[in-house]
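Visitor: Let me begin by handing over the structure; questions about it come next.
Chains as they are written, first to last, in this note's numbering: chain V, 243 to 415; chain G, 690 to 876.
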């Protein structure tokens, strides 16, 4: 039973398209795409947990270290020995970073690698700036941090490799 | 029947061709998002519904047999997702609780002299309460008839008709009362 449309109905039907003023938000395709192709999503989620754990280090440090900065920091025992260790880790981290970039990781992965780096720099600053800090504690925290970062990067590479799509092109960076 | 171009696009999507999937999405995303936005009444939920619906659309694309147009087939999936999302609001589609200022069934025709403007009509539709907004959307904007709506919502056809009638009356009331240029957010 079709009634003759009244004025309101006619108006709405005539202007049907203008009533659609919303645009689908740009980020939604990215989410849909990732849900449809879960390999990369798995990497992303998994390593985020590790990153949270790693950044937990800095929170622990912040809670542990209190005090004000003094202009002249005393020399830190074990620093020169540590520098060799740091050089070793930083070189390996840089290598892994190159590999990750080559294989093609998502921009968020790279951004959060950057964040981890900043965490490490914060640790380093506190080592020098805080006279109340226990340098040995911080140094071993810095080592642990770098070890963890390497582990994370290793896992990223393993997963990217494992879930490499069979398509012709990788997800562009 | 799908056009040749659409058939090709569907084939590519089924093969997992991601740029093709993105093209198909872009073709329909805005229209579908507007449906979600009207059904859900707010942006955050509308986004969730659109995302879930499209994931299902791509996953079920192999079941599409061409019995309807691709757009119509996709629209049903989108609407079903919206209705599932609305379930927790426990909207009574068949009989809405009476609002104290609710008009009885819409008297035939419109005797008012309201000049309709697109922006105000758009806003007024947004202000319609749950229950009314969905039925009006399905009938008047998405072109389903009352028997289809009854099937979709799980109500009687007469329920759909009376709900629609009341929705129209409420919409008219909103258009009469609404001061110009003051949109009201239903979020």
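Using N, Cα and C, we set each Cβ at its ideal position, and we do this for glycine too.
Name the chain G residues whose beta carbon is nearer than 7 Å to that of residue 274(V)?
Guide: On the first chain, residue 274(V) is found 32 positions in, with the first residue counted as 1. Those are 714, 740, 743, 744, listed as they occur along chain G.
Visitor: For residue 705(G) and chain V, any beta-carbon pair shorter than 9 Å?
Guide: Position 16 of the second chain, counted from the start, is the residue given in the question as residue 705(G). True, the Cβ-Cβ gap to chain V drops below 9 Å.
Visitor: Can you give the Cα-Cα distance for residue 390(V) and residue 326(V), rounded to whole angstroms?
Guide: Counting from 1 along the first chain, the entry for residue 390(V) is found at position 148. Counting from 1 along the first chain, the entry for residue 326(V) is found at position 84. Cα to Cα, residue 390(V) sits roughly 18 Å from residue 326(V).
Visitor: Against chain G, does residue 347(V) count as a neighbour if the rule is that its beta carbon must be under 9 Å from one of theirs?
Guide: The sequence position of residue 347(V) within the first chain is 105, counting from 1. Taking Cβ atoms only, chain G never reaches closer than 9 Å to residue 347(V), which makes this a no.
Visitor: Is the segment 811–828 of chain G touching the segment 844–858 of chain G in the sense that three or more CB pairs, one from each, lie closer than 8 Å?
Guide: Judged by Cβ distances under 8 Å, the segment 844–858 of chain G makes contact with the segment 811–828 of chain G, as three or more pairs qualify.
Visitor: Let me see if you follow: with CB-CB separation under 9 Å, is residue 748(G) close to chain V or not?
Guide: In the second chain, counting from the first residue as 1, residue 748(G) sits at position 59. Yes, its Cβ sits closer than 9 Å to a Cβ of chain V.
Visitor: Is the separation between the beta-carbon of residue 262(V) and that of residue 733(G) shorter than 9 Å?
Guide: Translated into positions along the first chain, residue 262(V) becomes position 20. Translated into positions along the second chain, residue 733(G) becomes position 44. In this structure, residue 733(G) does not lie closer than 9 Å to residue 262(V) by Cβ.
Visitor: For residue 797(G), would you say it is in contact with chain V, using Cβ-to-Cβ distances shorter than 9 Å as the test?
Guide: For the purposes of this step, residue 797(G) is taken as the residue at position 108 of the second chain. With a pLDDT of 46 at residue 797(G), under the threshold of 50, the predicted position of this residue should be treated as unreliable, though the coordinate-derived value follows. Closer than 9 Å: yes.
Visitor: Using a Cβ-Cβ distance cut-off of 9 Å, determine whether residue 389(V) contacts chain G.
Guide: Counted from its first residue, the first chain places residue 389(V) at position 147. Not closer than 9 Å to any Cβ of chain G, the Cβ of residue 389(V) fails to qualify, so no.
Visitor: Against chain G, with Cβ distances strictly below 9 Å, would residue 251(V) count as a contact?
Guide: For this step, residue 251(V) is matched to residue 9 along the first chain. True, the Cβ-Cβ gap to chain G drops below 9 Å.
Visitor: Given that residue 267(V) touches chain C, what residues does it touch there, using C-beta distances under 7 Å?
Guide: No chain C appears in this structure, whose protein chains are V and G.
Visitor: Could you work out which residue in 695(G), 693(G), 731(G), 740(G) is closest to residue 268(V) when comparing CA atoms only?
Guide: The residue you call residue 268(V) lines up with position 26 of the first chain. Nearest of 695(G), 693(G), 731(G), 740(G) to residue 268(V), Cα basis: 740(G).
Visitor: Nearest chain V C-beta to residue 845(G) closer than 9 Å, yes or no?
Guide: Working through the second chain from its first residue, we reach residue 845(G) at position 156. No, residue 845(G) lies away from the interface with chain V (no Cβ there is under 9 Å from its Cβ).
Visitor: Going straight from the alpha carbon of residue 738(G) to that of residue 763(G), what length do you get?
Guide: As a first step, residue 738(G) must be located in the second chain, where it is residue number 49. As a first step, residue 763(G) must be located in the second chain, where it is residue number 74. When rounded, the distance between both Cα atoms is 13 Å.
Visitor: Nearest by alpha-carbon distance to residue 812(G): which of 836(G), 730(G), 851(G) is it?
Guide: Numbered from its first residue, the second chain carries residue 812(G) at position 123. Considering only alpha carbons, the answer is 730(G).
Visitor: If you measure between the beta carbons of residue 338(V) and residue 278(V), is that distance less than 9 Å?
Guide: The residue given as residue 338(V) occupies position 96 in the first chain. The residue given as residue 278(V) occupies position 36 in the first chain. For residue 338(V) and residue 278(V), no; Cβs fall outside 9 Å.
Visitor: Note down the Cα distance separating residue 692(G) from residue 354(V), rounded to an integer number of angstroms.
Guide: Translated into the one-based positions of the second chain, residue 692(G) becomes position 3. Translated into the one-based positions of the first chain, residue 354(V) becomes position 112. Whole-angstrom Cα-Cα distance: 45 Å.
Visitor: With a CB to CB cut of under 8 Å and the five nearest residues on each side skipped, what residues in its chain are close to residue 703(G)?
Guide: Translated into positions along the second chain, residue 703(G) becomes position 14. Only 750, 751 meet the Cβ criterion.
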